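Just below is one structure, and these are the notes that go with it.
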Amino acid sequence: MPTNFTVVPVEDTPISNADYDGEILKEQDKEEPHMARGPYSGDETPRETCSLISTDHDDSIYGYNMALYEDEMDSTPMVSSLLNKLANYTNITQGVIEHEKAESEDGIQRVPINGPQMGTFIGVFLPCMQNILGVILFLRLTWIVGTAGIMEALAIVFMCCSCTMLTAISMSAIATNGVVPAGGSYYMISRALGPEFGGAVGLCFYLGTTFAGSMYILGTMEIFLTYIMPNAAVFKANTGEPNGMQNNMRIYGTCCLAIMVLVVFVGVKYVNKLALVFLSCVMLSIMAIYAGVIQSAIKPPDSQVCLLGNRSLQNSMFDKCQKTEVINNITTPTKLWTLFCKGDLGNATCDEYFTQNNLTVIQAVPGLLSGVISDNMWAHYGQYQTVLEKEGKSSEQASDNKSVNQTYVFSDITTFFTLLVGIYFPSVTGIMAGSNRSGDLRDPQRSIPTGTIMAIATTSFIYISCVVLFGACIDGVVLRDKYGESVKGSLVVATLAWPSSWVIVIGSFFSCCGAGLQSLTGAPRILQAIARDGIMPFLQVFGHSKSNGEPTWALLLTAVICEIGILIGSLDNVAPILSMFFLMCYLFVNLSCAVQTLLRTPNWRPRFKFYHWSLSFLGMSLSLSLMFVSSWYYALVVILISGCIYKYIEYRGAEKEWGDGIRGLSLNAAQYALIKLEEAPPHTKNWRPQLLVLLKLDSDLGVKHPRLLSFTSQLKAGKGLTIVCSVLEGTYMAREADAKLSEKNIKAAMANEKTKGFCHVVVSSNQRDGFSHLIQSAGLGGMKHNAVLLAWPANWKQSESTLSWKNFIETVRETTAAHQALLVAKNIDTFPTNQDRLAEGTIDVWWIVHDGGLLMLLPFLLRQHKVWRRCKMRIFTVAQMDDNSIQMKKDLQMFLYHLRLDAKVEVVEMNAGDISAFTYEKTLVMEQRSQMLKQMQLSKTEREREIQSISDESRNSIRRKPCREKPTQSNKSQVPTVILDEEAQLIHDRNTKSHATLNDKATPTSDRVHMTWTKEKLISERNRLREANMAVRDIFNMKPEWENLDQSNVRRMHTAVKLNDVVVNKSQGAQLVLLNMPGPPKNNGGDENYMEFLEVLTEGLDRVLLVRGSGREVITIYS
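Counting with the working numbering, you get residues 30 to 1148 for the letters of the sequence shown.
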């Protein structure tokens, strides 16, 4: 079926620009109405219409074809739109874009950037080769081979190259798992391991790159001062005193750094243009080495070494390797003789070793076929200031001090295997040069793995072959000569080069210069990327750049750190430092790949398939091992630095969510831990309150009692589980926004009060069901709450609604049924904040009944917090008349001693006295209020039925006075009058509040006040009472007679009154009072009475924590 298309020209404008999209649509609206009308008109229905043409009946740009989905187009775009955005995605480096913008500001049209065009060879392979091959190959590899021997040198090379190859495999998997924007290795590590690890490793990578710049500059200066212009040295360097050489390196290194920083500051494009020149120097130097090896097999170069006995001499100090020479038939001493002897030839005083040993001349490069490889096969380690001696050559021993005469070639450092590993490892770094250029690659997912692995394989072959060839061609005593003093101060590897040694010297010089410039170019951009991510606030200033995109501030910091490395003054001392930083970076690259592979996260789908978690773990283990093998103290310092950066980002850095593997690892670990926790309940030793905090919200959805969160943090101190919850009434569809706002407010309050835990807001039809669901289902697996904390419903008496205290009682019942502890904080708004410090006072525990020992444990936990730390703990217990209070006190003290609790013990005796009139009065008022509340909840029909039953009951129980005159009406007509009299008397008693004591009530009824009440007055008075109480209150069922009170309520009120008197007397000045919370009634009939009992029990106390245990032991005397 044919389809009509409309081609609309689109300029190169970002697809995400909303204004641009709107302009396109407006232009289409202007141009296309006639197309919509013709060629079809009237009632004719067109076969196809363009999906971009709007119609009068449909405002959607997608027309009728997608009308079913038009309501969701804002959140779920069409697939065509998504693919269009992906097709126009560009990952050009930020620096290139900013360069183009800056150069276009003058109005001159520049050639537009059409996108990254680099392939694998130019974009990845060559940069990696340039960064890997460098200063160590030319300056230290011969010395490593001569010192460690061919076998151990091969082991060093194999370990280091294996580490980088395994890291490259892991990096290839990460790089091919999605698009890698500009940012390279830092971006990959941070997005794979999260902001904490990403920031720590990113800074390690930055510091490693910066110190690499220091090493390359020191290598440049060593080549310049030692092999090109030795006379340019400011300080004279003696073999026994290397400080002169180090001072020269510091001075010239600082000058070189200043020049390089200036070049980078002027423009990075000049560095990039010179990169090919520097790489050509490296490749030319390596080709000269291989050519020299072939030439040595045919014709060894004429480079001689002078030996005195078996000791190597510095032949730059003499011209002939002879003691005497014959000139005109006259034997005259040579310059070498004058170095060892004093005086004339006839009566000279010479060095004993010089006298007893002869001079020998050997070839420095015997050649590939000379068989010298057997002499260089094994290690020749030495101590500091040891004279280099040729193995296998005999000499006469003499009792002289070899360190006195400076004519010999000495070792300037104590050598051992691990030192050589640390010095050599920087020669294999630079494998991330390709990934750093990910924004310039045509296809990074294919180029980075291929180019990096090819570069590592090529450089590994070069290093391994060089180790074997150096050991097979150059004499061992020359290999161990680090600075070539035995070959007239020439670079040792240059003696092997063909056609000229200057090819190696000049090539290595420019190679080190180029590598230094590359380091000073890349390091500031790594720091800028970290700063722009915003994960470390103190680095924000280094995220700024000048108009052309150069990170100026980051470049200045890089120069300062690089200067620190230069001031060390020794390439051998700087190399292990940058080895640590790079090894730490490689360790985390392998870790990220292994974690992602083992977790099998859905997003882990690398195109590079030749990886395995075991290879990543091997690379990680090898990196960690090399760190401690190279320098264990440097390794500890770098790990400490990374740990500090990690914790800083965790606590002070910006919150970032990058979908990292560490989060997935945390989820897996949490799942495993939750399953293990669910296998068995926690032991008493491990029990701690895992709190479910039930919050109330105000009308603005803010936290009503923030002090409850303060108390939670003081009780928990960040340990264990804390779930802060609240309930909104309604349906979730209607109150979704309110639920999210409430959760946001609660989280803000938790942050202010430093409460660590989880937050959850539930929308339910009513608060009672919501709290019930939370008590039943909050938590997950074995990580569930075992205690509920809530605030006392203040002003429950004055509230028009009874839901507040009814929900509270139901919460108490459900907590008890769920076998969970309950903590009720009364007067919570008076509790101290986290900023308060209670200088003195006590925490009083009133231990009435034992319900698991929670009362003992809570004060101990509170006193761990700085708010309550200075408060003393007092424990009160109640003794009855038949208890031995003295023995109880001793037993309690012994119990506390075994519990390891420091508290003062006091036993309070409560005498079984008579129930006071005040108790009866309290009970009477409580029951009257209870009856009123019941009547307020009755419907009209139920109220009428209740009135009839009360009338029948009153008819049978009323007490009439003796009639003085004969009744004239029937009994039926007298009942309403009697009821009115009784009702009037009750109203009078209530209004005048003339309730007397029990003795007064026992007097005859003739003592009651008689008043004349008309029916109208009674009705008006009844209406007045209704209005006063703001509800309909049926007063027929009120029983003011004390003898009709429920005796169980009287007893409970008596206990509450008596106990309250004792508690107020002893603990009124306490900072906090902990009380056993009595259980609610089993039936719902006495709920309002239960609230009254608790109110009386805690009356007169400022801060009260009512505690109800779960029934299980939570504290033990055993270890």
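For each residue, glycine too, the CB sits at the ideal point set by N, CA and C. Just so you know, these numbers come straight off a predicted model, no measurement behind them.
* Nearest neighbour of Asn-276, chosen from Met-250, Val-292 and Ile-257 [CA to CA] -> Met-250
* So what does DSSP say about Pro-1110, is it helix, strand or coil? -> coil
* To do: Determine the direct distance from the alpha carbon of Ala-427 to that of Leu-448, and round the result to whole angstroms.
  => 32 Å
* Asp-873, buried or exposed, once every other Cβ within 10 Å from all chains shown has been counted against 16 -> buried
* Asked: Can you tell me whether Met-923 is buried or exposed, with buried defined as 16 or more other CB within 10 angstroms of its CB?
  -> exposed
* To do: Report the residue from Ile-904, Asn-1078, Lys-835 and Phe-617 whose alpha carbon sits nearest the alpha carbon of Asn-1105.
  => Ile-904
* Give the straight-line distance between the Cα atoms of Gln-743 and Gly-1098, rounded to the nearest whole angstrom. => 21 Å
* Asked: When we look at the beta-carbon of Thr-361 and count the other beta-carbons within 10 Å, is it buried (16 or more) or exposed?
  -> exposed
* Asked: Looking at the structure shown, is His-789 part of a helix, part of a strand, or coil, going by DSSP?
  -> strand
* To do: State whether the segment 225 to 241 contacts the segment 597 to 610, with contact taken as three or more CB pairs (one from each stretch) at a distance under 8 Å.
  => yes
* Asked: In this structure, does DSSP put Ser-530 in helix, strand or coil?
  -> helix
* To do: Would you list the residues sitting across from Ser-1137 in a DSSP beta bridge?
  => The identity of residue 1137 in the sequence shown is Arg, whereas the question assumes Ser. Note: Arg-1137 sits in a beta bridge opposite Leu-851.
* **Closest by C-alpha distance to Phe-226, when choosing among Cys-673, Thr-367, Phe-454 and Val-292** => Cys-673
* Asked: Who pairs with Tyr-437 in a beta bridge, going by DSSP?
  -> Leu-342
* Asked: Since Ala-604 and Gly-451 are thought to touch, with beta carbons under 8 Å apart, how far apart are those beta carbons, to the nearest angstrom?
  -> 6 Å
* Asked: With 16 other CB atoms within 10 Å as the buried threshold, where does Thr-149 fall?
  -> buried
* Pair within 8 Å by beta-carbon distance, Ser-645 and Cys-622 -> yes
* When every heavy atom of the ligand FAD is checked, does at least one fall within less than 7 Å of the C-beta of Asp-373? -> Judged by which ligands are present, the structure shown has none, so any question about the ligand FAD falls away.
* Could you tell me if Asn-824 is buried or exposed, where buried requires 16 or more neighbouring beta carbons within 10 angstroms of its beta carbon? => exposed
* Backbone secondary structure at Pro-553 - three-state DSSP -> helix
* Per DSSP, which one or two residues make a beta bridge with Met-147? -> Leu-470
* **Val-322, enclosing alpha helix (DSSP H) - first and last residue** => 297 to 327
* Measure the C-alpha to C-alpha separation of Asn-795 and Thr-760 and round it to an integer number of angstroms. => 10 Å
* To do: Helix, strand or coil for Ser-752, going by three-state DSSP, please let me know.
  => The residue asked about is misnamed: residue 752 is Ile in this sequence, not Ser. Note: Ile-752 maps to strand in three-state DSSP.
* Asked: Is the beta carbon of Ile-555 less than 8 Å from the beta carbon of Tyr-215?
  -> yes
* Collapsed DSSP secondary structure at Met-609 in the structure displayed -> helix
* Can you give the beta carbon distance from Thr-458 to Ala-197, rounded, assuming they're within the 8 Å contact cut? -> Rounded, the Cβ-Cβ distance is 12 Å, inconsistent with contact.
* Under the three-state reduction of DSSP, which class applies to Leu-906: helix, strand or coil? -> Per the sequence shown, the amino acid found at residue 906 is Thr instead of Leu. In this structure, Thr-906 counts as strand in the three-state DSSP scheme.
* **Cβ-Cβ separation, Val-186 to Cys-614 (assumed contact under 8 Å), whole Å** => Contact flag wrong, Cβ pair sits at about 20 Å.
* Should the segment 489 to 499 be called in touch with the segment 384 to 391, which here means at least 3 C-beta pairs below 8 Å? -> no
* **Residue from Asn-339, Ile-359 and Gly-400 whose Cα sits closest to the Cα of Val-438** => Asn-339
* Could you name the residues of the same chain whose beta carbon sits closer than 7 Å to that of Ala-182, not counting the 5 residues immediately before and after it, in chain order? => Ile-173, Val-174 and Val-496
* **Identity of the residue in Val-791, Glu-782, Met-779 and Gly-648 nearest Lys-769 by Cα** => Val-791
* **Buried or exposed by the 16-neighbour rule on C-beta atoms within 10 Å, applied to Thr-587** => buried
* Asked: How many angstroms separate the CA atom of Pro-259 from the CA atom of Trp-642?
  -> 52 Å
* Asked: Could you give the C-beta distance for Tyr-245 and Ser-548, rounded to a whole number, given that I count them as a contact under 8 Å?
  -> 6 Å
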